[in-house]
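Asks:
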Amino acid sequence: MTPATILVLDFGGQYVQLIARRIREQHVHSLIVAPDISAAEARRLNAFGFVFSGGPNSVYDDGAPRCRREILDMGLPILGICYGLQLACQMLGGRVTATPTREYGRTRLDVTDPGSLLAHVPSPTTVWMSHGDVVTQMSGDFLPVGATPTCSYAAVRHRSRPIVGVQFHPEVTHTPCGTQVFRNFLYDLCGCEGDWKVGNVTEHLTDAIRRQVGSQARVICGLSGGVDSSVAAALIHRAIGDRLTCIFVDNGLMRNREVELVEATFREHFHVDLRVADAGDRFLTRLEGVVDPQEKRRIIGHEFIDVFKAEAASIEGAKFLAQGTLYPDVIESGHGHAGQAANIKLHHNVGGLPKKLGFELVEPLRDLFKDEVRRVGEHLGLPPEIVWRHPFPGPGLAVRIMGAVTRERLAILRAADDIIIEEVRAAGWYRKIAQAFGVLLPISTVGVMGDGRTYTGQHVIAVRFVESADFMTADWVHVDYELLGRISTRVINEVQGVNRVVYDISSKPPATIEWE
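Numbering-wise (the working numbering), the sequence shown opens with residue 50 and increments by one.
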């Protein structure tokens, strides 16, 4: 059964994913859809209401995106945000013009008529504006319910239809009343019941897997040790039991105790049929002397497919291949409801495998954001070490070693990375930041240890901490100097072959999170 859903019409605004996430935080299912969605499709998706997003266009421009008139006539509640407000007002007889000066940043909102939209919102309150157009004239069917010093129609409602709108952005944290605005819309106007909760979500996903896979077929899942593939495997195992076989390819480029953690979780705790392919020697042989990062990735991806294919060929009755695709991947690819069909951004480990092996894809997480995946993982009983793991690159430590990959350099980086994570956890920083890791640099620097200088055979470790909501952008973390000091001291003292530790203070953009 399709859950009660709020459809977010994507008019190109930078905050569209944030809108969808804010709705889900209120325990209501949301989907991002194309602005020209039909009423029939909206009904099929069990729409309880619509949010019209912001966007970079002006509603009066030729070719500006619009919704179908039938959406306005469905009788379902609509919340217009910024461009979405302007579009709804214009389509129902209002006028929108450019403002003399664009308005960006915080401003004061005075509530003139709380009604259902602004109920329990204090007046005045602070809201976040980001617009260059404004509604200058409304039809007689609309009433203003909130104003700012420069915007008379900062919040409006229709006299007879359940259509409301705000010129500000309730989805951003800079609008403190934003959560209340969404709650008012979702519960008072749309009549949602707040049933998008982890238990219901898990049941919904489990039922969907059973319907797709049926009662006989087997599923193969490629485990990476990360949260996405682990939660996908745990969900599928819950749905079909011993008809799931997991394959873990040990490419020799993993973190310390990676194989042991995966085996303990899936073989011993969940009793999953787990096949571990020990291919470290094969990967390292192929990587010998390779320094170009793209060539490393190409070799690792090619070898992975060959190893995975050999393992998969030995599993009888397998019809499906599981993949940990998340909702942002679907949105960004344009493959979901929000745009034209395109290829989903495949994880390098399984990209192309379904077609090459004749499998159908199972993507149990394709409707979830990352934070929802973690909550489902916790609900399924996955250990915190897996549920809250930081992202790890598909090619493994090979792209955190600048230059050639050797057993010696892998051992140095593993030991240093172990210390970094251990100290970050001990200091209570692990869940505060998005990623923490070490990078082995391809240089030697002079040092002093004991009574002599050190140079030959000594390496530099760069420490990288970033904070990010979506990994599209990221900032370096202003972490405690004491923590950095402990990491430096331990790495230099405990890891043979390191005599210098540096901290990376680059943000994305212009730098990327990973060094290669």
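Note that CB positions come from ideal geometry on N, CA and C, so glycine has one too.
Inspect the beta-carbon positions of Phe486 and Asp466 and report whether they are closer than 7 angstroms.
Replies: Against a cut-off of 7 angstroms, the Cβ pair of Asp466 and Phe486 comes out as a contact.
Asks: Which parts of the segment 161 to 206 are runs of the beta strand (DSSP E), unbroken and 3 residues or longer, counting only runs that do not cross its ends?
Replies: Listed in chain order, they are 174 to 186 and 191 to 197.
Asks: Tell me whether Ala53 is buried or exposed, calling it buried when 16 or more other Cβ atoms sit within 10 Å of its Cβ.
Replies: Classification of Ala53: buried, given that the 10 Å Cβ count is 16 or more.
Asks: Give the DSSP bridge partners of Cys295, in chain order.
Replies: Answer is Cys270 and Leu323.
Asks: Counting only the same chain and skipping the five closest in sequence on each side, list residues whose C-beta sits under 6 angstroms from that of Leu235.
Replies: Within the same chain, Leu235 has close Cβ partners Gln75, Val77 and Cys241.
Asks: Could you check where the alpha helix (DSSP H) with Ile541 kicks off and where it finishes?
Replies: Tyr530 to Glu543 is the extent of the alpha helix (DSSP H) around Ile541.
Asks: Would a C-beta distance cut-off of 7 angstroms place Leu134 and Gly214 closer than the cut-off?
Replies: Closer than 7 angstroms, so yes.
Asks: Can Val160 and Val170 be called in contact, C-beta distance under 7 angstroms?
Replies: Going by C-beta atoms, Val160 is nearer than 7 angstroms to Val170.
Asks: According to the Cβ coordinates, are Ile72 and Ile55 closer than 7 angstroms?
Replies: Closer than 7 angstroms, so yes.
Asks: Which term fits Pro149, buried or exposed, when burial requires 16 or more other beta carbons within 10 angstroms of its beta carbon?
Replies: Flag for Pro149 reads exposed.
Asks: Can you name the start and end residues of the beta strand (DSSP E) that Ser79 belongs to?
Replies: Taken as a continuous stretch (DSSP letters only), the beta strand (DSSP E) holding Ser79 covers His78 to Val82.
Asks: Would you kindly check if the distance between the Cβ of Ile269 and the Cβ of Ala361 is under 7 angstroms?
Replies: Yes, Cβ-Cβ distance for Ala361 and Ile269 is below 7 angstroms.
Asks: Between the C-alpha atoms of Gly477 and Pro225, what's the straight-line distance to the nearest angstrom?
Replies: Taking the straight line from one Cα to the other gives about 27 angstroms.
Asks: Thinking C-beta only, is His180 closer than 7 angstroms to Glu152?
Replies: Yes, these two residues count as a Cβ contact at 7 angstroms.
Asks: Between which two residues does the beta strand (DSSP E) carrying Phe369 extend?
Replies: Counting along the chain, the beta strand (DSSP E) containing Phe369 begins and ends at Ala367 to Ala371.
Asks: Starting from the C-beta of Val540, find all residues in its chain whose C-beta is less than 6 angstroms away, skip the five residues before and the five after it, and write them out in chain order.
Replies: Hits under 6 angstroms: Ala465, Ile468, Ile510, Val547 and Val550.
Asks: When the Cα of Thr222 is compared with those of Glu409, Leu67, Ile536 and Val495, which residue comes out closest?
Replies: Selected option, being the one with the closest Cα: Leu67.
Asks: Could you tell me which of Asp182, Val57 and Val176 sits nearest to Val145, measuring between CA atoms?
Replies: When each option's Cα is compared against that of Val145, the closest is Asp182.
Asks: Which one or two residues does DSSP pair with Arg155 in a beta bridge?
Replies: Answer by DSSP bridge pairing, in chain order: Trp177.
Asks: Can you name, in chain order, every residue of its own chain whose Cβ lies under 7 angstroms from the Cβ of Gly329, other than the five neighbours on each side?
Replies: So the list reads Asp299, Asn300 and Gly301, once near-sequence residues are dropped.
Asks: Would you report the Cα separation of Ile482 and Gln265, rounded to the nearest angstrom?
Replies: C-alpha separation (whole angstroms): 43 angstroms.
Asks: Out of Leu94, Arg513, Pro491 and Phe297, point me to the one whose CA is closest to Gly506's CA.
Replies: Closest by alpha carbon: Pro491.
Asks: Please state whether DSSP places Asn233 in a helix, a strand or coil.
Replies: The answer is helix: DSSP assigns Asn233 an H, G or I state.
Asks: For Pro173 and Glu307, what's the separation of their Cα atoms in angstroms?
Replies: C-alpha separation (whole angstroms): 53 angstroms.
Asks: In chain order, what residues of the same chain lie with their CB nearer than 6 angstroms to the CB of Gly373, ignoring the 5 residues before and after it?
Replies: Excluding sequence neighbours, Gly373 sits near Asp277, Ser278, Ala281 and Leu414.
Asks: In this structure, does DSSP put Phe97 in helix, strand or coil?
Replies: Correct three-state label for Phe97: strand.
Asks: Helix, strand or coil, according to DSSP, for Gly407 in the structure here?
Replies: It is coil, neither helix nor strand.
Asks: Which residue's Cα is closest to the Cα of Gly366: Gly350, Ser517 and Asp291?
Replies: Gly366 has its Cα closest to that of Asp291, out of Gly350, Ser517 and Asp291.
Asks: Quick one: what does DSSP say Lys566 is sitting in, helix, strand or coil?
Replies: There is simply no residue 566 to check, as the chain begins at 50 and stops at 565 in what is shown.
Asks: Ignore the nearest five residues each way along the sequence and tell me which others in Glu119's own chain have a CB closer than 6 angstroms to its CB.
Replies: Excluding positions up to five away in sequence, the list reads Ala88.
Asks: In whole angstroms, give me the CA-to-CA distance for Asn158 and Leu192.
Replies: The amino acid occupying residue 158 in the given sequence is Leu; Asn does not appear at that position. Cα to Cα, Leu158 sits roughly 16 angstroms from Leu192.
Asks: Taking the alpha carbon of Val448 as the reference point, which residue from Tyr552, Thr294, Asn249 and Arg347 has its own alpha carbon closest?
Replies: Selected option, being the one with the closest Cα: Arg347.
Asks: Just confirm the distance between the C-beta atoms of Leu58 and Pro84, as a whole number of angstroms; I'd bet it's less than 8 angstroms.
Replies: Rounded, the Cβ-Cβ distance is 5 angstroms, consistent with contact.
Asks: So, does the segment 410 to 429 touch the segment 94 to 108, judging by three or more C-beta pairs under 8 angstroms?
Replies: Because the criterion of three Cβ pairs below 8 angstroms is not met, the segment 410 to 429 and the segment 94 to 108 do not touch.
Asks: Taking 6 angstroms as the limit between beta carbons, can you name the residues of its chain near Arg535, skipping five residues before and five after?
Replies: Only Glu472 meet the Cβ criterion.
Asks: Take Leu336 and list the residues in its own chain whose beta-carbon comes closer than 7 angstroms to its own, dropping the five residues that flank it on each side.
Replies: Answer for Leu336: Lys345, Ile348, Ala447 and Val454, listed in chain order.
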